[in-house]
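K.L.:
This structure is in structure tokens; I'll ask about it shortly.
Protein chains: 2
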Amino acid sequence: MDARPTYDEKLLRILRESAAIFAAKGYHRASIRDISAATDVSLSGLYYYFRSKEELLFLIQDHCFGTLHHRLNEELEGSTDAVARLRIFVRNHLRFFLSNQAEMKVLSHEADVLTGEHRAAVQKRKRAYAAAAEAILTELGPPGGVKPRSATFALFGMMNWIYTWHRPDVDPDADRLAEQMTHLFLHGYRTPIAEGAEALPERSGGGRGDAPSIWRTD
Amino acid sequence: MDARPTYDEKLLRILRESAAIFAAKGYHRASIRDISAATDVSLSGLYYYFRSKEELLFLIQDHCFGTLHHRLNEELEGSTDAVARLRIFVRNHLRFFLSNQAEMKVLSHEADVLTGEHRAAVQKRKRAYAAAAEAILTELGPPGGVKPRSATFALFGMMNWIYTWHRPDVDPDADRLAEQMTHLFLHGYRTPIAEGAEALPERSGGGRGDAPSIWRTD
């Protein structure tokens, strides 16, 4: 009926294969020629969709964060229980990134590459997604002692690090892992920190949070 | 009395400044010439210490993991309480990487670059360090439901992700953050998972852990 679905599928295939190449070679070492060879689309065919390698990287990042957040909103719809919403959030995030590990690596390693409007647009998407996470944490009630900002990033760290270690043959699948990470996070987040109970005796003369650079020879 | 301390200090300065350059430009884009310019050491002066850029990257990684683990052993000495030992582990890790963020980025982003003996030597250091972490978790007693391997990597993720978000002007210092992350992890790790309590109704027809690639157009 119209050419639109074909256009979309072709572009999405190019984005997927480009993400794999960026993940394997690194963005800066990968060329549009590499993309052309892997996708079997001519250079002029590629430039029909984007004008530069940076715009291609932007499309990958924008599509990832957009899809991730869109799916989250779909999954959250109708759910009102705060713990269930946290679990949905973690599950959606893990499902997404265990299915898209090349993209995870590209989003993480090439986060600083974009400039100007591309950068601003992706930052906007990221902020919206992080705000959704923080809103879910807020629904859980006041934390037991961990600051919400630190807690949010601790949770993201826990989830995002999977691209470095997760092996589908030995590790839990996304849904099992989501149960475990939700559980791990939730109880620590809600349990109050006993005043003074966390202090440790100082050793080796280190000042609080003022560790020397490892390169010092002392 | 001898030239050894001077030699060490010079090499350590080269490693520190090289890590900063690799973190900023990426390993593959940085050249030995860049290192030479930044350190004000001639090319032949640099090749006195290492024969290739890969050997330089190896020295950075080997020195990082070696120092991190050596300090951990020093800090753990004489401590027998399992929770205190966990807290010491987290604090040592966070102190190290908040003081060495360029190194953190290089260790994380260039983990796959090394080959042959260099790779094997760094893998050995990493395995020894991860084994130390797992031993501390084992001392905590049986986990409440999270698998030890997933729990270990969840903890590493929580800690290692700091290089993407931590701002010294607004976020807790290493020692405060170590208290919070230890607390966050510990309670979730120890609390039993109630059988069946974590199940969520399935939505949008997703199979367990079998989420479609985001590039699919459905």
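Keeping their order, the protein sequence lines are chains A and B. The working numbering applies: residue 1097 is where the first sequence begins, and numbers increase by one. The working numbering applies: residue 1097 is where the second sequence begins, and numbers increase by one. Every residue gets a Cβ at the ideal spot worked out from N, C-alpha and C, and that includes glycine. A quick note: this is a predicted structure, and the numbers were derived from the prediction, not measured.
Extract the residue ranges of the alpha helix (DSSP H) inside the region 1208-1266 of chain A, only unbroken runs of 4 or more that lie entirely within it.
P.N.:
Within the region 1208-1266 of chain A, the complete alpha helix (DSSP H) runs of at least 4 residues are 1212-1235, 1244-1256, 1258-1261.
K.L.:
Step through the CB atoms of chain B and report whether any lies within less than 8 Å of the CB of residue 1169 of chain A.
P.N.:
Here residue 1169 of chain A refers to the residue found at position 73 of the first sequence. Cβ-Cβ to chain B under 8 Å: no for residue 1169 of chain A.
K.L.:
In the DSSP assignment, find the alpha helix (DSSP H) that holds residue 1333 of chain A and state where it starts and stops.
P.N.:
The first residue shown for chain A is 1097 and the last is 1314, placing residue 1333 of chain A beyond what the model contains.
K.L.:
Alpha helix (DSSP H) containing residue 1132 of chain A: first to last residue?
P.N.:
The residue given as residue 1132 of chain A occupies position 36 in the first sequence. First-last of the alpha helix (DSSP H) with residue 1132 of chain A: 1128-1135.
K.L.:
Where do the ends of the alpha helix (DSSP H) carrying residue 1290 of chain B lie?
P.N.:
The residue labelled residue 1290 of chain B in the question sits at position 194 within the second sequence. Residue 1290 of chain B -> no alpha helix (DSSP H), and no H or E assigned at all.
K.L.:
Taking a Cβ distance cut-off of 8 Å, strictly less, list which residues of the region 1195-1220 of chain B are near chain A, in chain order.
P.N.:
So the close ones are 1195, 1196, 1199, 1204, 1205, 1207.
K.L.:
Helix, strand or coil: which one does DSSP assign to residue 1175 of chain B?
P.N.:
Looking up residue 1175 of chain B in the second sequence gives position 79. Reduced to three states, the DSSP call for residue 1175 of chain B is coil.
K.L.:
Would DSSP call residue 1113 of chain B helix, strand or coil?
P.N.:
Here residue 1113 of chain B refers to the residue found at position 17 when the second sequence is read from its first residue. Helix.
K.L.:
According to a CB-to-CB cut-off of less than 8 Å, which residues of the region 1227-1250 of chain B neighbour chain A?
P.N.:
Hits within the stretch, in order: 1240, 1241, 1242, 1243, 1245, 1246, 1247, 1249, 1250.
K.L.:
Could you please tell me which residues of the region 1267-1287 of chain B, in chain order, have their CB closer than 9 Å to any CB of chain A?
P.N.:
Within the region 1267-1287 of chain B, the qualifying residues are 1267, 1268, 1269, 1270, 1271, 1272, 1273, 1274, 1275, 1276, 1277, 1278, 1279, 1280, 1281, 1282, 1283, 1284, 1285, 1286, 1287.
K.L.:
Is the beta carbon of residue 1280 of chain B less than 8 Å from the beta carbon of residue 1290 of chain A?
P.N.:
If you number the second sequence from 1, residue 1280 of chain B lands on position 184. If you number the first sequence from 1, residue 1290 of chain A lands on position 194. No, the Cβ-Cβ distance between residue 1280 of chain B and residue 1290 of chain A is not below 8 Å.
K.L.:
In whole angstroms, give me the CA-to-CA distance for residue 1284 of chain B and residue 1277 of chain B.
P.N.:
The residue you call residue 1284 of chain B lines up with position 188 of the second sequence. The residue you call residue 1277 of chain B lines up with position 181 of the second sequence. Cα to Cα, the separation comes out at about 11 Å.
K.L.:
For residue 1242 of chain B, which residues in the same chain have their Cβ closer than 8 Å to its Cβ, ignoring the five residues on either side in sequence?
P.N.:
Along the second sequence, read from residue 1 onward, the residue named residue 1242 of chain B stands at position 146. Cβ neighbours of residue 1242 of chain B beyond the five flanking positions: 1250, 1284, 1285, 1289.
K.L.:
Nearest CA to the CA of residue 1194 of chain B: which residue from B:1156, B:1176, B:1170, B:1269?
P.N.:
For the purposes of this step, residue 1194 of chain B is identified with residue 98 of the second sequence, where counting begins at 1. The shortest Cα separation from residue 1194 of chain B among B:1156, B:1176, B:1170, B:1269 belongs to B:1269.
K.L.:
Run down chain B in chain order and give the residues with a C-beta less than 8 Å from the C-beta of residue 1122 of chain A.
P.N.:
For the purposes of this step, residue 1122 of chain A is identified with residue 26 of the first sequence, where counting begins at 1. What residue 1122 of chain A touches in chain B: 1122, 1124.
K.L.:
Verify the CB distance criterion: does residue 1253 of chain B have a CB-CB separation below 8 Å to chain A?
P.N.:
Walking along the second sequence from the start, residue 1253 of chain B turns up at place 157. Yes, residue 1253 of chain B counts as interfacial toward chain A.
K.L.:
Show which residues of chain B have a CB atom less than 9 Å away from the CB atom of residue 1088 of chain A.
P.N.:
Coverage of chain A is limited to positions 1097 through 1314, which leaves residue 1088 of chain A absent and any answer about it impossible.
K.L.:
Quick one: list the residues of chain B neighbouring residue 1289 of chain A, beta-carbon separation under 9 Å, in chain order.
P.N.:
The count along the first sequence starts at 1 and reaches residue 1289 of chain A at position 193. Residues of chain B passing the Cβ test: 1275, 1276, 1279.
K.L.:
Under 8 Å, with one C-beta from each stretch per pair, do the region 1129-1148 of chain A and the region 1109-1120 of chain A reach the 3-pair mark?
P.N.:
Yes, the region 1129-1148 of chain A is in contact with the region 1109-1120 of chain A.
K.L.:
Find out if the Cβ-Cβ distance for the pair residue 1200 of chain B, residue 1253 of chain A is shorter than 8 Å.
P.N.:
Sequence index remark: in the second sequence, residue 1200 of chain B carries index 104 (1-based). Sequence index remark: in the first sequence, residue 1253 of chain A carries index 157 (1-based). No, Cβ-Cβ distance for residue 1200 of chain B and residue 1253 of chain A is not below 8 Å.
K.L.:
For the alpha helix (DSSP H) that residue 1199 of chain B lies in, which residues bound it at each end?
P.N.:
Position 103 of the second sequence, counted from the start, is the residue given in the question as residue 1199 of chain B. Element bounds for residue 1199 of chain B: 1197-1205.
K.L.:
On the three-state DSSP scale, how would you describe residue 1140 of chain A?
P.N.:
If you number the first sequence from 1, residue 1140 of chain A lands on position 44. Helix, per DSSP.
K.L.:
Only counting the same chain, and skipping five residues up and downstream in sequence, which positions put a Cβ closer than 7 Å to that of residue 1137 of chain B?
P.N.:
Walking along the second sequence from the start, residue 1137 of chain B turns up at place 41. Only 1110 meet the Cβ criterion.
K.L.:
So the candidates are A:1106, A:1231, A:1118; which of them puts its Cα closest to the Cα of residue 1176 of chain A?
P.N.:
Position 80 of the first sequence holds residue 1176 of chain A. Comparing Cα positions, the closest option is A:1231.
K.L.:
Less than 8 Å between the CB atoms is what I'm expecting for residue 1178 of chain A and residue 1235 of chain A, so what's the real figure, rounded?
P.N.:
Numbered from 1 along the first sequence, position 82 holds the residue referred to as residue 1178 of chain A. Numbered from 1 along the first sequence, position 139 holds the residue referred to as residue 1235 of chain A. That belief holds up - the Cβ atoms of residue 1178 of chain A and residue 1235 of chain A are roughly 4 Å apart, short of 8 Å.
K.L.:
So, residue 1145 of chain A versus residue 1107 of chain A, is the Cβ gap smaller than 8 Å?
P.N.:
Taking the first sequence and counting its residues from 1, one reaches residue 1145 of chain A at position 49. Taking the first sequence and counting its residues from 1, one reaches residue 1107 of chain A at position 11. The answer is yes: Cβ separation under 8 Å.
K.L.:
Ordered along the chain, which non-local residues of its own chain (more than five positions away) have a Cβ less than 6 Å from that of residue 1308 of chain B?
P.N.:
To locate residue 1308 of chain B, count along the second sequence from 1; it is residue 212. For residue 1308 of chain B, the predicted model reports a pLDDT of 38, less than 50, meaning its position is unreliable; a value from the coordinates is still stated below. Within the same chain, residue 1308 of chain B has no close Cβ partners at all.
K.L.:
Am I right that residue 1228 of chain A and residue 1282 of chain A are in contact with their C-beta atoms under 8 Å? What's the rounded C-beta distance?
P.N.:
In the first sequence, counting from the first residue as 1, residue 1228 of chain A sits at position 132. In the first sequence, counting from the first residue as 1, residue 1282 of chain A sits at position 186. That pair is no contact at about 17 Å.
K.L.:
Would you call residue 1171 of chain B buried or exposed, if buried means 16 or more other Cβ atoms sit within 10 Å of its Cβ?
P.N.:
Locating residue 1171 of chain B in the second sequence gives position 75, where the first residue counts as 1. It counts as buried.
K.L.:
Measure the C-alpha to C-alpha separation of residue 1273 of chain A and residue 1287 of chain A and round it to an integer number of angstroms.
P.N.:
As a position in the first sequence, residue 1273 of chain A is number 177, starting the count at 1. As a position in the first sequence, residue 1287 of chain A is number 191, starting the count at 1. Between residue 1273 of chain A and residue 1287 of chain A, the C-alpha separation is close to 21 Å.
K.L.:
When burial is assigned at 16 or more other CB atoms within 10 Å of the CB, is residue 1186 of chain B buried or exposed?
P.N.:
On the second sequence, position 90 is the one that residue 1186 of chain B refers to. Per the 10 Å Cβ criterion, buried.
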